[in-house]
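First the structure, in the form of structure tokens, and then the observations on it.
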Amino acid sequence: MSPVASNPPQPGSTHSSVIRNFCIVAHIDHGKSTLADRMLQSTNVVTPREMQSQFLDNMDIERERGITIKSQAVRMPWQVDNEDYVLNMIDTPGHVDFAYEVSRSLAACEGAILLVDAAQGIEAQTLANLYMAMEHDLEIIPVLNKIDLPAAEPERYALEISNLIGIDPDDILKVSGKTGEGVEALLDRVVRDVPAPSGDADAPARAMIFDSIYDTYRGVITYVRMVDGKLEPRQGIRMMATGSSYELQESGIYSPDAIPSEGLGVGEVGYLITGVKDVAESKVGDTVTSKQHPAEEPIGGYREPRPMVFSGLYPMDGSDYPALREALEKLQLNDAALTYEPETSVALGFGFRVGFLGLLHLEIVRERLEREYNLDLISTAPNVIYNVTTEDGTLVRVTNPSEFPEGKITEVDEPMAMATVIVPSEFIGSVMELSQGKRGQLSGMDYLSEERVEIRYWIPLAEIVFDYFDLLKSRTKGYASLNWQRDGSQVADLVKVDILLQGDAVDAFSAITHRDRAYGYGVKMTAKLKELIPRQQFEVPIQAAIGSRIIARENIRAIRKDVLSKCYGGDISRKRKLLEKQKEGKKRMKMVGTVEVPQEAFIAALSTDTDT
Amino acid sequence: MNKIDTPPGTGILPDFVAAAVNGSDRTFSLYVHVPFCSSRCGYCDFNTYISPDLGPGASHESYADTAIKELEFAADAMEKSGVQPKPLHSVFFGGGTPTLLPSTDLTRILKRADRLFGIDDTAEITTEANPDSLSREAVQGLADGGFNRVSMGMQSSVSHVLQVLERTHNPDNVDIAAEWIREAGLDMSLDLIFGTPGESLEDWERSLDAVLALQPDHVSAYGLIVEEGTKLAAQIRRGVYPNTDPDDQADKYLLTEERLDAAGYRWYEISNWAHDPHNEGLHQSQHNLAYWRDQDWWGIGPGAHSHMAGLRWWNAKHPAAYASRMLDNISPAIGQEIPDDDARLLEKIMLGVRLAEGLDLDVLAAQDKDAAMQARREANVLATQGLIEPAALEHGKIVPTLKGRLLDDAITRRLAGF
Numbered sequence: 001m002s003p004v005a006s007n008p009p010q011p012g013s014t015h016s017s018v019i020r021n022f023c024i025v026a027h028i029d030h031g032k033s034t035l036a037d038r039m040l041q042s043t044n045v046v047t048p049r050e051m052q053s054q055f056l057d058n059m060d061i062e063r064e065r066g067i068t069i070k071s072q073a074v075r076m077p078w079q080v081d082n083e084d085y086v087l088n089m090i091d092t093p094g095h096v097d098f099a100y101e102v103s104r105s106l107a108a109c110e111g112a113i114l115l116v117d118a119a120q121g122i123e124a125q126t127l128a129n130l131y132m133a134m135e136h137d138l139e140i141i142p143v144l145n146k147i148d149l150p151a152a153e154p155e156r157y158a159l160e161i162s163n164l165i166g167i168d169p170d171d172i173l174k175v176s177g178k179t180g181e182g183v184e185a186l187l188d189r190v191v192r193d194v195p196a197p198s199g200d201a202d203a204p205a206r207a208m209i210f211d212s213i214y215d216t217y218r219g220v221i222t223y224v225r226m227v228d229g230k231l232e233p234r235q236g237i238r239m240m241a242t243g244s245s246y247e248l249q250e251s252g253i254y255s256p257d258a259i260p261s262e263g264l265g266v267g268e269v270g271y272l273i274t275g276v277k278d279v280a281e282s283k284v285g286d287t288v289t290s291k292q293h294p295a296e297e298p299i300g301g302y303r304e305p306r307p308m309v310f311s312g313l314y315p316m317d318g319s320d321y322p323a324l325r326e327a328l329e330k331l332q333l334n335d336a337a338l339t340y341e342p343e344t345s346v347a348l349g350f351g352f353r354v355g356f357l358g359l360l361h362l363e364i365v366r367e368r369l370e371r372e373y374n375l376d377l378i379s380t381a382p383n384v385i386y387n388v389t390t391e392d393g394t395l396v397r398v399t400n401p402s403e404f405p406e407g408k409i410t411e412v413d414e415p416m417a418m419a420t421v422i423v424p425s426e427f428i429g430s431v432m433e434l435s436q437g438k439r440g441q442l443s444g445m446d447y448l449s450e451e452r453v454e455i456r457y458w459i460p461l462a463e464i465v466f467d468y469f470d471l472l473k474s475r476t477k478g479y480a481s482l483n484w485q486r487d488g489s490q491v492a493d494l495v496k497v498d499i500l501l502q503g504d505a506v507d508a509f510s511a512i513t514h515r516d517r518a519y520g521y522g523v524k525m526t527a528k529l530k531e532l533i534p535r536q537q538f539e540v541p542i543q544a545a546i547g548s549r550i551i552a553r554e555n556i557r558a559i560r561k562d563v564l565s566k567c568y569g570g571d572i573s574r575k576r577k578l579l580e581k582q583k584e585g586k587k588r589m590k591m592v593g594t595v596e597v598p599q600e601a602f603i604a605a606l607s608t609d610t611d612t
Numbered sequence: 001m002n003k004i005d006t007p008p009g010t011g012i013l014p015d016f017v018a019a020a021v022n023g024s025d026r027t028f029s030l031y032v033h034v035p036f037c038s039s040r041c042g043y044c045d046f047n048t049y050i051s052p053d054l055g056p057g058a059s060h061e062s063y064a065d066t067a068i069k070e071l072e073f074a075a076d077a078m079e080k081s082g083v084q085p086k087p088l089h090s091v092f093f094g095g096g097t098p099t100l101l102p103s104t105d106l107t108r109i110l111k112r113a114d115r116l117f118g119i120d121d122t123a124e125i126t127t128e129a130n131p132d133s134l135s136r137e138a139v140q141g142l143a144d145g146g147f148n149r150v151s152m153g154m155q156s157s158v159s160h161v162l163q164v165l166e167r168t169h170n171p172d173n174v175d176i177a178a179e180w181i182r183e184a185g186l187d188m189s190l191d192l193i194f195g196t197p198g199e200s201l202e203d204w205e206r207s208l209d210a211v212l213a214l215q216p217d218h219v220s221a222y223g224l225i226v227e228e229g230t231k232l233a234a235q236i237r238r239g240v241y242p243n244t245d246p247d248d249q250a251d252k253y254l255l256t257e258e259r260l261d262a263a264g265y266r267w268y269e270i271s272n273w274a275h276d277p278h279n280e281g282l283h284q285s286q287h288n289l290a291y292w293r294d295q296d297w298w299g300i301g302p303g304a305h306s307h308m309a310g311l312r313w314w315n316a317k318h319p320a321a322y323a324s325r326m327l328d329n330i331s332p333a334i335g336q337e338i339p340d341d342d343a344r345l346l347e348k349i350m351l352g353v354r355l356a357e358g359l360d361l362d363v364l365a366a367q368d369k370d371a372a373m374q375a376r377r378e379a380n381v382l383a384t385q386g387l388i389e390p391a392a393l394e395h396g397k398i399v400p401t402l403k404g405r406l407l408d409d410a411i412t413r414r415l416a417g418f
């Protein structure tokens, strides 16, 4: 007997008692996508022939990095005891930058599969998402994956999980996404353990948006979970947070391709299309209701996207500025969390100050701009938001070192984060040493098992944004996993360090740093620039300064010899061509005052390195 | 860059050449390349070969005949193109090591050139020589055959420096060869290289002392350029030797100027000094000046470059390829260009500012008025920065100062507006 549903319930008219909404909480590389693929195959939603590996991740970058950026939802039929069920698998972003998106995806579910690599054990991000799932009262189904691996230690990690969530280790399912072993049992388990949705079918419609994407042909596609009531095409709908109204052009589900439906009923998961072109019109967490019979209360938990990391993006070639603006506009259609505003830099020309959810978000956006829009970019060192109070009581919000007020400052407030690190216990010392060096305060430590420890630090967000994770990885031989969330702020002794070339500050190199670290930054940056900037016809002092106080200095000595000594008959064309090449090279120089700085110097100086 | 369609293989020169050359005061010189050496020096990237026999027409024995063939070809091509022959202003045999060939071969080539073009009474006729490749008889033979100048590759008088350069000669041989050159009544120029890895400032001073003791008429001193693809470049990359240091070369250049000037040698080009204590313009190399003054010359031999009134071309590089074209009676030229106006302007500036006689702003203005204006404005700045002579500028000449000579390429770039 095939467990696949023979006559599955239709979208729009599915009774909520047979619906199971669940997601998979997993660490990168723990096999979520492979397991999801297997489920699609087991439920015949995708035939093996159609199977494109890792079906759910459809952006190139996601596939390359093995990270799910945009969540999706797939409807799968499944039979248990001759009863037809509908399983909605909601894919969640796996990265800390997208914590809010994760929370909305979790809020759309009643259950979560906790997927853990049987060779590696639980990691910090998974733990954070697990706690979030538990806060949402989700039914947790723990699963050990990759049991086919020779290095798998299912018993050991089962014990670890059981310590964490307090269940019998024997109740933990063991599967292999690769071979398919245990996958059908898991689907059965989802039907049995995950509660059916509990909304009110007769109440005014309320649907929670957990994702929205921009499609070139269809406009914005909004993913929703129906909480109460029903929505049908051609009816008027209203977004409760933004207040805007539309006509619902189409509703449907993915299985795995889009299938239009007569509507979406209570408990169902699917998509809505209204014809709007901008994802900002369809915000994650917002509640969709009926225009005629609106609900009174929106679903709780909505929040505006909040960029936490800022970086200046500049086109390498100034004439690409309009192209960069256009590319950002297009990206924003698909990424409501992306914010930007024009900015000019003396050194880098015209560009944008772009706000991101985190470092990964920054990297992804930058990579998409370069890859999909063919732009060569310089990005300045990432920055968090500081609130600076000046002596006269003015509060200045600083997202860019150039906004740091001159003159006397009463107080600088910096954003903090709670960082959770999971490491093998032998690395406790290294993690503590690093975190304290990064101005972190230990807030707790728990042994997950004898060998693995969870360490929590309250630490400036700026440190995380800068190089904390890179250093963490290198000091723990790659074993550490990190999760963090914004957690308050603190007053700190922060200063702006300027880098001066020939006495002129180069805005692109300014940084806000703790006073104790300012000297180190100054020494490192001036030394780096000395290597990177070619000798000029005059001496060029490179200084690091806090206000008018010089804290570090290097000198680029004047060039003394700039002549090719030989010039025979045959050398004339050759020498001329050499000069013509220098003329071309000159176009790639940026003038800072009278100093010629090659583009490469900016890039190399701004790229963060881990040699601290 | 303008490319011309007619391949140089026909030997026919475009019409503008005859128009510019005939009746003008452009001088005509001859360069003869001899592509043979007894060994290759580690720093050398010249077109030269160790094997004495590279194929028909490209062996020590047959090369003179091949070169003569090109001389005849040149005379014929000029005649067919309507370019009136002019007596040669200078002749220069370079290499490689021309003196690896018997003197009789070199003088035979020279005689044929005389018959085809005529040689000016005052013409400078030079051959390069390696101290080890000379003999008293050979030197006398050159003098008897019409040569009046020998340029000897001395490079350094310090053994460990010569070892890094892989020069095979014994420093003592230079003294003997110099004596023979003197005996034969020839002018003598010495070629030097400074800034070789491992050469100290004292080493270089010793070389300068040795040079002055020999009382040459002319000195060329080049800062070592590590050319890509040479053995020396590979050795530096592998860390066998340290790289050359521009500051070290600057110090040595200043020392060179100081010592040579004190001994009556006057610089007339960045890397060239003539013995001329009373500033009468004596002993300057006429042949090299022809290059820098943008005159005309025909380059004979593999890889040789030629220039006629703005047309540049160059021969097949490998001696065998070159010789086979000559034997088939087709032009050995394999590439050519007519630099466009911008390129010509850049050449003019680049060559002019290397010379003590300077770049003439009026001449520049005749070529491009706007460019000359822009150069004059920049020249005022350069003068205040001490890079060019203010007194010369008042007479419309751009002449680099000692400091400016070391930054000559920067002067060129700024005058050319980039």
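Order-wise, the sequence lines are chains H and U.
Going by this note's numbering, the letters in the first sequence line up with residues 1 to 612, in that order.
Going by this note's numbering, the letters in the second sequence line up with residues 1 to 418, in that order.
Backbone N, C-alpha and C fix where the C-beta goes; we use that ideal spot for every residue, glycine too.
Quantities reported herein were computed from a predicted structural model and do not represent experimental measurements.
Contacts between Thr256 of chain U and chain H, judged by CB atoms closer than 7 Å, are missing: the closest CB pair is about 11 Å apart. Close to chain U, meaning a Cβ-Cβ distance shorter than 8 Å, are the following residues of the region 563-591 of chain H: Val563, Leu564, Ser565, Lys566, Cys567, Tyr568, Gly569, Gly570, Ile572, Ser573, Lys575, Arg576, Leu579, Glu580, Gln582, Lys583, Lys586.
The alpha-carbon of Ile193 of chain U is positioned some 18 Å away from that of Arg560 of chain H.
By the Cβ neighbour-count rule, Asn483 of chain H is buried, with 16 or more other Cβ atoms within 10 Å of its own. In summary, the residues of the region 549-561 of chain H whose CB is separated from some CB of chain U by less than 9 Å are Arg557, Ile559, Arg560, Lys561, in the order they occur in the chain. In the three-state DSSP reduction, Leu149 of chain H falls in the coil class, being neither helix nor strand. One finds Leu407, Ala410 in chain U with Cβ atoms closer than 7 Å to the Cβ of Gln537 of chain H, taken in chain order. Residue pairing by DSSP places Phe352 of chain H opposite H:Leu313, H:Pro342 in a beta bridge.
Arg354 of chain U has a beta carbon lying within less than 8 Å of a beta carbon in chain H. Within chain H, no residue has its beta carbon less than 9 Å from that of Phe147 of chain U; the closest one is some 19 Å off. Per DSSP, reduced to three states, the secondary structure at Phe466 of chain H is helical. Separation of the CB atoms of Gly195 of chain U and His160 of chain U is rounded to 14 Å, and the pair is thereby denied contact status at 8 Å.
The C-beta distance from Ala108 of chain H to Val269 of chain H rounds to 7 Å, short enough to meet the 8 Å contact threshold. Residue pairing by DSSP places Gly270 of chain H opposite H:Val224 in a beta bridge. By the 16-neighbour rule on beta-carbons within 10 angstroms, Thr394 of chain H is exposed.
Residues of chain H with a Cβ closer than 8 Å to the Cβ of His305 of chain U are, in chain order, Gly569, Gly570, Ile572, Ser573. Residue-level contact check: Ala343 of chain U touches chain H, since one or more beta carbons of chain H fall below 8 Å from its beta carbon.
In the three-state DSSP reduction, Glu269 of chain U falls in the strand class (E or B). Here the region 28-36 of chain U makes contact with the region 98-107 of chain U; the two share three or more CB pairs at distances below 8 Å. What Met350 of chain U touches in chain H, judged by beta-carbon distance under 7 Å, is Lys575, Arg576, Leu579, going in chain order.
With respect to the 8 Å criterion, Leu361 of chain U and Ile388 of chain U are not classified as neighbours on the basis of their beta carbons. The closest CA to that of Gly223 of chain U, considering only U:Asp251, U:Asp209, U:Gly335, U:Gln235, is found on U:Asp251. Nearest C-alpha to Asn173 of chain U among U:Ser133, U:Val139, U:Ala143, U:Arg108: U:Ser133. In the DSSP assignment, Asp370 of chain U falls outside any beta strand (DSSP E) and lies within the alpha helix (DSSP H) extending over 369-384.
Taking CB atoms only, Tyr322 of chain U has no neighbour in chain H less than 8 Å away. For Met89 of chain H, the closest alpha carbon among the candidates H:Gln79, H:Leu106, H:Pro150, H:Val80 is that of H:Leu106.
With 16 or more other CB atoms across the displayed protein chains lying within 10 angstroms of its CB, Arg452 of chain H is buried. DSSP places Pro197 of chain H in the coil class of the three-state scheme, outside both helix and strand. Taking Gly349 of chain H as the centre and dropping the five residues before and after it, the same chain places the C-beta of Tyr314, Gly318 closer than 7 Å to its C-beta, in chain order. Within the same chain, Cβ atoms closer than 7 Å to the Cβ of Trp204 of chain U are found at Phe194, Lys252, Leu255, the five residues on either side in sequence being excluded. In this structure, the alpha-carbon of Tyr322 of chain U lies about 35 Å from that of Ala274 of chain U. Less than 8 Å divides the Cβ of Tyr254 of chain H from the Cβ of Val74 of chain H. Counting only Cβ-Cβ distances below 9 Å, Glu337 of chain U has contacts in chain H at Ser573, in chain order.
For the pair Gly177 of chain H and Thr34 of chain H, the CB atoms are nearer than the 8 Å cut-off.
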